[in-house]
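Chains as they are written, first to last, in our numbering: chain D, 1 to 448; chain G, 449 to 896.
All C-beta atoms, glycine included, are put in the ideal place defined by N, C-alpha and C.
Keep in mind it's a predicted model, so treat the numbers as computed, not measured.
See below for the structure under consideration.
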């Protein structure tokens, strides 16, 4: 049996490893167009910032891992076409084409950068950031630059703005929507975050469209509605789109989200073809509807499920809440499930509670603010989403709340949730559980 | 309506506040034998250690809070007897006795220190630590002392040993049982913790009985099976017992745990008499059996439920997992639910998984070790307990797992749990969720 995996990053590597653990005999071919084995894409901004001293540290496993696992890793190799009837893939390496048969195929083609047609986007000094190679090119420029504009206020844009600021650049961020981090936060929470970032020296313009990237050969400034900023470099953090070209051309069904449609075993519409990671749709655990999931935690889990199934095992992937977290300067920001705005867009009415608490006992040195917003379904009072901005401990607070969403817990369950406490590490009443749900209960009682 | 509350600390204060919010008219009398309003008992070791600079910081609310809430706080006042038929309490203040009628009575009498009959326990320099007054006396001595013995390796004993070590004393801890932290950890995890504490300069003797506290007027050493240690002071951290004297004498039913038996509304066997906090029994959410719960988080929640119900509202307390966490030197240790040993003692067979992972991406500077043990019911594979020892983020990892226990989640749910990830704050596969449950799944697969 030969399992061919197209794409050797988070989803592809986990698919290959899981397939090997499931099936000791199968031939496993991992096709990757870059010249490096899998690495942590999420960490690129942290190398740009200087927190991590080398891109090489981001490589997940050395080449010896692939040899040990008998994974036939083909770097700098590109899949050109798939024939799902004949079960063949056309691949290219060094200008040579090869046709490879497969018994099982896993598509882990990820996303591709989306750059809107802004005038001047082709100038030197304009970067999109997806690969380590992109990062390496950028890092050279950053060291000589003194100003930058980041276009796009999603998580990647924010992380890049922070990274450049930490390198000492004057940084301006321009976001078209009325708020930053629209996939994570409601506008009220986004404003809180924006203030903290502005306090850290990042200029932020929301509701602002980039009109032109100006320069000769090289960029020297960016003009946008509301202003103009000098820029030795420009980062286009304008989002990514599922990379589905191969699948689409092969007649594999694409879903309403424009990613590859899969079932819970990560099977596509074509027999023995699986998809995993950002190129595949996921089911939102709150709405039951397909969504994109552009976080590494989904990719590794889906990859694993695809790998086990492709190798003859059986396992399923339940779906996502798209939990995410980031550290921006000294602020941690995290989110899970639906924001109020996302919920309303799905026709869900919500009731929400907000609270500002402390990360530790308030008398304990170093206790930091923690702002929490919990979003509940208005009828069932079940938790559907959570947003937290604070100084420490946001990751696992979000994980607790995503556990609660998955378990179908309601506002009463949270108000009575068990928690552990010691003054140096937490508060007796945990703001992200009791505080925010009490705020909702107060609202409900006032309505009666 | 008059609500009388006996005991003004965690449970009593929360009962009084909740009663006031539920009922604006009721007279609320809060009787406290100490000379201070409610304070954070858990933080006393952190003042001893020097982390917090004054005991005064531990006071939860200033006196103005009690006036604002119209809570009639009677300090240095002792309840002497209860008559549940006549609905009266006998109280004493400054040698004067007063008889007070009540409509509702809440017992929040907490625990009392238990000191076994060890020879020499009456010597000067031997301390039990329960109140701020105890702490103040101890702190004076600590500043002049150079060696100490702590008797008892439960959480309080460990926290005190660490506090004294942080003050520069030579510290020896003696525990009768074969392991430290027996209420939180299994022996394998306790050994791990013990090594870390010994590495921090604390001498620890387990399975060792104190034979004599030696000295003239003042203690100068402690003799125990296995050794002898000099001691300018001795801390007796030999546990606490529910303070149920008043209730028992009034004929109120005491449960099998020797705490006051209550239902989910915190009602005792006597009409209109409630109990909350360490003097009351709680139901263990895994076993459904009554247990003692000696953590502040339980006390405040039970107090609140008792207060709301006593004031004419309606609410219930579901039970406990006795989640607890502590910071000992640079080690965080946390636990929820049942250890393997506790489970076996209840007749439950278990299967457990252990893993050592990292608190952050392994390539991110400052990533620390995290040791996790998850305990599952052997039949249903539901999570029944969790133990974690690590460098950071233990509190909310434990909260996530206690949420999972309460939701009845099994090993598959945890292996597929949603998590959020960013290199500076977490790992892609979370050791406390995926890592430890995969360890169990591997065991299961090997058995097949």
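Residue nearest to residue 534 of chain G within the set G:718, G:852 and G:734 is G:718 (criterion: CA-CA distance).
Contact residues of the region 357-370 of chain D toward chain G are 361, 363, 364 and 365 (C-beta to C-beta distance below 8 Å).
For chain D, the residues of the region 733-751 of chain G that bring a beta carbon within less than 8 Å of one of its beta carbons are 733, 743, 744, 745, 748 and 749, in chain order. Setting aside the 5 residues that flank it on each side, residue 16 of chain D is surrounded in the same chain by 5, 28, 30 and 71, each with a C-beta closer than 6 Å to its C-beta; the list follows chain order. A direct Cα-to-Cα measurement between residue 538 of chain G and residue 526 of chain G gives close to 8 Å.
Burial is judged here by how many other beta carbons sit within 10 angstroms of a residue's own beta carbon; residue 512 of chain G has fewer than 16 and is exposed.
Taken through DSSP and simplified to helix, strand or coil, residue 558 of chain G comes out as coil.
Along the region 623-635 of chain G, there is no position whose C-beta sits under 8 Å from a C-beta of chain D. Counting the other CB atoms within 10 Å of its CB gives residue 797 of chain G a total below 16, which places it among the exposed residues. Taking the C-beta atoms as reference points, residue 745 of chain G is found nearer than 9 Å to residue 421 of chain D. In the structure shown, the three-state DSSP call for residue 646 of chain G is helix. In the DSSP assignment, residue 887 of chain G falls within the alpha helix (DSSP H) that extends over 884-895. Cβ neighbours of residue 660 of chain G within its own chain (closer than 6 Å, five residues either side excluded): 567, 568 and 671. Not a single CB atom of chain D sits nearer than 9 Å to the CB of residue 838 of chain G.
Distance check between residue 794 of chain G and each of G:736, G:771 and G:837 places G:736 closest, using alpha-carbon atoms only. Under the Cβ distance rule, residue 150 of chain D does not count among the residues neighbouring chain G, no pair being separated by less than 9 Å. By the Cβ rule, the region 166-178 of chain D does not count as touching the region 248-261 of chain D, because fewer than three pairs are nearer than 8 Å. Apart from sequence neighbours up to five positions away, the residues of its chain that approach residue 193 of chain D with a beta-carbon distance below 6 Å are 333 and 389, ordered along the chain. Listed in chain order, the non-local C-beta contacts of residue 49 of chain D below 6 Å within the same chain comprise 163 and 166, local neighbours out to five positions each way being set aside. Taken in chain order, the members of the region 398-411 of chain D whose beta-carbon sits within less than 9 Å of a beta-carbon on chain G are 398, 399, 400, 401, 402, 403, 404, 405, 406, 407, 408 and 409. Rounded to whole angstroms, the Cβ separation of residue 383 of chain D and residue 410 of chain D is 7 Å, and the two are in contact under 8 Å.
For residue 510 of chain G, no CB of chain D lies under 9 Å from its own CB, so it is not counted at the interface with that chain.
In this structure, residue 259 of chain D places its C-beta atom within 9 Å of the C-beta atom of residue 290 of chain D. Contact with chain D is found for residue 500 of chain G, since one of that chain's Cβ atoms lies less than 9 Å from the residue's Cβ. Taking 8 Å as the upper bound for CB-CB distance, residue 402 of chain D and residue 243 of chain D are not in contact here, some 27 Å apart. Near chain G, meaning a CB-to-CB distance below 8 Å, no residue of the region 198-226 of chain D qualifies.
Burial of residue 352 of chain D is indicated by the presence of at least 16 other C-beta atoms within 10 angstroms of its C-beta.
A straight line joining the alpha-carbon of residue 174 of chain D with that of residue 113 of chain D spans about 18 Å. Chain order gives the chain D residues near residue 870 of chain G as 42, 325, 326 and 327, where near means a beta carbon separation below 7 Å. Each of G:665, G:605 and G:594 was checked against the Cα of residue 678 of chain G, and the nearest Cα belongs to G:594. Residue state for residue 770 of chain G is assigned as coil, using DSSP reduced to three classes.
Around the CB of residue 770 of chain G, 16 or more other CB atoms lie within 10 Å, so the residue is classed as buried. In the three-state reduction of the DSSP assignment, residue 765 of chain G falls in the coil class.
Neighbours of residue 865 of chain G in chain D, taken as residues at a C-beta separation under 9 Å, are given in chain order as 399, 402, 403 and 406. Secondary structure note for residue 582 of chain G: its alpha helix (DSSP H) is the uninterrupted segment 580-590. Contact residues of the region 241-254 of chain D toward chain G are absent (C-beta to C-beta distance below 8 Å).
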